[in-house]
Amino acid sequence: MCPWTPAASSIEYFWKTFEEVDFVIHSIYAGAPTAGGEAAWDTVAGDTLVAINAHDLHKLKMPLGGEWATLPHDNESIIAIPEMSLQMQCLNFLRQHTYSDQYDYTHLRTFYGAAQDVSQRVDRCLERLRMAFMCAADLTPILRIGHVDGKQGWDLKTLHKCRNVEKLQFWSAGKAVGGVAEGSILL
């Protein structure tokens, strides 16, 4: 269950078993930064802005008279970014921060300012993701494995009901608003 979203008709679910993750992760999203990895992260951590109608604000429990940014040519269309995009931007930023001693991210606006400014952005992202994880509160059981030799572990190959993120990204791209400076929401 989620609050109202203009993307409701594009939400589609599927079952997925998470892969077992061990000490060697083979994913474009993991490990030391590469040009291909950076491009992949840029794709999933998009910053596409969309517009929602001001008359739909009550569905989000938001006041109609707020100081919302609107499209330059339409003051009834309020500029928004899907929560999923913010969360992925935060995750990407935390990854970049982790590897900032190995890869130059100083050209990104999220790394502008003093070290304290960047640390505050890290803290904001950690807190936003903590709230999102606690809100979702995934209760999928992760089973303990007992081996005959006495060693124990966890079976991380767990089944989850997931949203089709590619379809939601396609929806966002189709609803993208032009003529608005996007920039990073993390600043």
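Residue numbers (the UniProt record's numbering): 1 to 187. Glycine residues also receive a C-beta, built at the ideal position from the N, C-alpha and C atoms.
Residue environment, Gly46, which counts as buried when at least 16 other CB atoms sit within 10 Å: Result: buried.
With 16 other Cβ atoms within 10 Å as the buried cut-off, status of Trp171: With 16 or more other Cβ atoms within 10 Å, it is buried.
Paired residues, beta bridge with Cys162 - DSSP: Under DSSP, the beta-bridge partners assigned to Cys162 are Phe14.
Whole runs of the beta strand (DSSP E) within the region 50 to 130, excluding any shorter than 3 residues: Within the region 50 to 130, the complete beta strand (DSSP E) segments of 3 residues or longer fall at 50 to 53 and 74 to 80, listed in chain order.
Trp171 in three-state terms, based on DSSP: The DSSP-derived three-state label of Trp171 is helix.
Where Arg121 falls, given that 16 or more other Cβ within 10 Å makes a residue buried: Under this definition Arg121 is a buried residue.
Cβ contact (3+ pairs, closer than 8 Å) linking the region 110 to 118 and the region 134 to 145: Taking 8 Å as the limit for Cβ pairs, the verdict is that the region 134 to 145 does not touch the region 110 to 118.
Among Val50, Ala35 and Lys167, nearest to Tyr103 - alpha-carbon criterion: Ranking the options by Cα distance to Tyr103, first place goes to Ala35.
Integer-rounded CB distance, given that Phe14 should sit under 8 Å from Lys157: Not quite, the Cβ-Cβ distance comes to about 16 Å (not below 8 Å), so this is no contact.
N-terminal and C-terminal residue of the beta strand (DSSP E) that Gly146 is part of: Element bounds for Gly146: Leu143 to Gly146.
Residue span of the beta strand (DSSP E) that contains Gly31, given as start and end: No beta strand (DSSP E) holds Gly31; DSSP gives it neither H nor E.
Nearest-angstrom Cβ-Cβ length linking Cys162 and Lys16, presumed shorter than 8 Å: Between Cys162 and Lys16 a beta carbon distance of about 5 Å is seen, short of the 8 Å cut, so the two are scored as contacting.
Given Lys61 as reference, the closest of Glu12, Pro3, Thr43 and Ala7 once Cα atoms are compared: Answer by Cα proximity: Pro3.
Neighbourhood of Tyr29 by C-beta distance below 7 Å, restricted to the same chain and skipping five residues each side: Excluding residues within five positions, the ones whose Cβ falls inside 7 Å are Gly37, Ala40 and Trp41.
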